[in-house]
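Just below is one structure, and these are the notes that go with it.
Residue numbers (our numbering): -13 to 364.
Spelled out as structure tokens, the structure:
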């Protein structure tokens, strides 16, 4: 018979088991409590100690005892939404502290906007405690709230908003639309309870489902072509966009690639001699590509940099890129490869045709994409 206890988050009676931590966790030998809270929190793990007998880490218990009911409910709902999105979590005190700290930031942020009866929860799409994303629900609308990591500069966020606005105004690419606060500003500063200052931004909700979640039968030739058109429009905007003073985004050029290769070669990983040689050659291959093609705005400019299917919402049949946290200066081929690699050969042909309705590709673009495929190991 399974052991039972009260769920430390929601208080309901749940089943639990003491076991070694999951293989994907940082220390598989660490004892954990697996909590099976099917009705509310779903499933999660709590770090444990083994002496004098297996028990939940007392630091976790003490921290949870310090929370009020609203904070506990937030932890419970956050866990459920993460699990429902396929994200499994082993909690220790630090992760719980991050989560509750972001609760303080989110609670302070929503007060700076013209919202009535608003509730918030983590999106469940990601569990990045440095750049937490929340869903905001009001009586008649939904929004997204991003709490940016502490070290993020206001210039980086302004640059992001500038690019998002340009995608719609100049390229008719539907994407995140910033919402102004009560003071008319799109970027809000928050430092609740004397916590370090962080910036918050809110965006209109884009209804729909991700490209990743669409069944194969729903990925019609028309949709694939529209994806190509979308990426072509994004790159056309990047090629022609006049950038304001202070525009700041990362640069994914030769220096970035070289440092990534060096990090990979220095990592303590078990690779074959052949794999090591291929990795070592990437810097010179990319350097040769840069020498041959340069960094002119016809080939190198602002890119999404994470144009995966889970970052594209299909809304009213049209693809909408979201989650532009990593966007910066890079080769357009990198964006093209990131998305097109998920398509069959026939779908790729349709995708490239759609792209070239907006802007041309080099005659040997398929050969060039081979290099960007190789760079994905970094």
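Note that CB positions come from ideal geometry on N, CA and C, so glycine has one too.
{"query": "Backbone CA spacing between residue 112 and residue 152 [nearest angstrom]", "result": "With a pLDDT of 48 at residue 112, under the threshold of 50, the predicted position of this residue should be treated as unreliable, though the coordinate-derived value follows. Rounded to whole angstroms, residue 112 to residue 152 spans 26 Å at the Cα level."}
{"query": "Residue 229 versus 279, 288, 96, 355, residue with shortest Cα-Cα distance", "result": "288"}
{"query": "Cβ neighbours of residue 25 in the same chain (closer than 7 Å, five flanking residues each side left out)", "result": "-2"}
{"query": "Distance between beta carbons of residue 315 and residue 235, contact taken as under 8 Å", "result": "6 Å"}
{"query": "For residue -5, three-class secondary structure by DSSP", "result": "coil"}
{"query": "Beta-carbon gap between residue 233 and residue 141 smaller than 9 Å", "result": "yes"}
{"query": "Stretch pair the region 57 to 72 + the region 21 to 38: three plus CB contacts closer than 8 Å", "result": "yes"}
{"query": "Buried/exposed call for residue 320, threshold 16 Cβ in 10 Å", "result": "buried"}
{"query": "Within 9 Å, strictly: CB atoms of residue 355 and residue 337", "result": "no"}
{"query": "Residue -4 to residue 19 span [Cα, whole Å]", "result": "16 Å"}
{"query": "Residue 353 classed as buried or exposed, judged by whether at least 16 other C-beta atoms fall within 10 angstroms", "result": "exposed"}
{"query": "8 Å CB neighbourhood of residue 265 in its chain, flanking five on each side removed", "result": "247, 250, 251, 257, 363"}
{"query": "Chain-order list of residues whose beta-carbon lies under 7 Å from that of residue 273 (same chain, five-residue window excluded)", "result": "240"}
{"query": "Expected contact under 8 Å - CB spacing of residue 17 and residue 94 to nearest Å", "result": "So it is not a contact: roughly 37 Å between Cβ atoms."}
{"query": "DSSP three-state assignment for residue 350, whether helix, strand or coil", "result": "coil"}
{"query": "Close beta carbons around residue 100, own chain, < 7 Å, minus the five adjacent residues each side", "result": "168"}
{"query": "As assigned by DSSP and simplified to three states, the class of residue 74", "result": "coil"}
{"query": "Ordered list of beta strand (DSSP E) runs contained in the region 17 to 41, each at least 3 residues", "result": "17 to 23, 28 to 35"}
{"query": "Contacting residues, own chain, Cβ-Cβ under 8 Å from residue 13 (five flanking each side not counted)", "result": "7"}
{"query": "Alpha-carbon to alpha-carbon, residue 211 and residue 294", "result": "16 Å"}
{"query": "Status (buried if at least 16 other CB within 10 Å, exposed otherwise) for residue 262", "result": "exposed"}
{"query": "Start and end residues, beta strand (DSSP E) containing residue 188", "result": "184 to 190"}
{"query": "Within 9 Å, strictly: CB atoms of residue 300 and residue 194", "result": "yes"}
{"query": "Continuous beta strand (DSSP E) assignments of at least 3 residues falling wholly in the region 270 to 306", "result": "286 to 289, 298 to 301"}
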